[in-house]
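Participant:
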Amino acid sequence: MKIQESAENYLEVILILQKQKEKVRAIDIVNELGYSKPSVSVAMKNLREHGYIQVEADGNIFLLTKGREIAERIYERHTCLTNWLCRIGVDPQIAADDACRMEHVISSETFEAIKAYVEH
């Protein structure tokens with residue numbers, strides 16, 4: 018099932034925050050993305066209802082299997098594309114911003130070709 022770019026971004030941010038801290042809460046996502054609390058709340062509800070995340074009673078957010086798979090795929094694309102753009106001379110901040118947009122629309126075939134190129 019194809020999910021929205023915004024949902025992919027939320028899942029990727031949850032993964033990144035989980036790598037940085039033991040517990041992830043909605044306020045951490047608000048602070049990371051700069052979105053409003055109500056917007057993040059609605060997004061978390063949608064992700065939970067579709068089986069991508071679990072929200073514990075104490076507010077801790079965890080990626081479920083299918084949410085983690087998407088988050089890891091998007092994160093891999095983001096880091097690989099950012100590194101590639103930096104290697105060809107793009108400013109690191111611009112590279113990260115561009116990679117964030119590219120990671121959602123690039124085909125699997127094109128991404129795998131870029132990944133193979135970057136790894137060699």
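Residue numbers (the working numbering): 18 to 137.
Built from N, CA and C at the ideal position, the CB exists for glycine as well.
Predicted, not measured: the structure shown is a model, and the values here were computed from it.
1) Any contact of the stretch 83-95 with the stretch 119-134, i.e. 3+ C-beta pairs under 8 angstroms?
2) With respect to the alpha helix (DSSP H) encompassing V30, which residues constitute its N-terminal and C-terminal limits?
3) Which same chain residues end up closer than 7 angstroms to V72 when comparing Cβ atoms and leaving out the 5 residues on each side of it in sequence?
4) Between the alpha carbons of V135 and W101, how many angstroms are there, rounded?
5) In this structure, how does DSSP classify I105 when only helix, strand and coil are distinguished?
6) Strictly by DSSP, which residues pair up with F128?
7) So, with DSSP's three-state summary, where would you put M119?
8) Classify K111 as buried or exposed, calling it buried when 16 or more other Cβ atoms lie within 10 Å of its own Cβ.
9) Could you tell me whether the Cβ atoms of I20 and I87 are closer together than 9 angstroms?
10) If you drop the 5 nearest sequence neighbours on each side, which residues of the same chain put their C-beta closer than 7 angstroms to that of T99?
Facilitator: Answer, in terms of the structure:
1) In short, these stretches touch, since the Cβ pair count reaches three.
2) For the purposes of this step, residue 30 is identified with residue 13 of the sequence shown, where counting begins at 1. In this chain, the alpha helix (DSSP H) harbouring V30 covers E22 to Q37.
3) Residue mapping note: residue 72 aligns to position 55 of the sequence shown, counting from 1. Once the five neighbours on either side are set aside, the close Cβ partners of V72 are M61, R65 and I78.
4) Position 118 of the sequence shown, counted from the start, is the residue given in the question as residue 135. Position 84 of the sequence shown, counted from the start, is the residue given in the question as residue 101. Pairing V135 with W101, the inter-Cα distance amounts to about 6 angstroms.
5) On the sequence shown, position 88 is the one that residue 105 refers to. In the structure shown, I105 falls within a coil segment according to DSSP collapsed to helix, strand and coil.
6) Residue numbering aside, residue 128 sits at position 111 when the sequence shown is read from its first letter. For F128, which the question treats as bridged, DSSP gives no partner whatsoever.
7) Walking along the sequence shown from the start, residue 119 turns up at place 102. Correct three-state label for M119: helix.
8) As a first step, residue 111 is located in the sequence shown; it is residue number 94 there, counting from the start. The amino acid at residue 111 is misidentified as Lys; the sequence shows Ile. I111 should be labelled exposed.
9) Against the sequence shown, residue 20 aligns to sequence position 3. Against the sequence shown, residue 87 aligns to sequence position 70. Cβ atoms of I20 and I87: closer than 9 angstroms.
10) In the sequence shown, counting from the first residue as 1, residue 99 sits at position 82. A112, A113 and A116.
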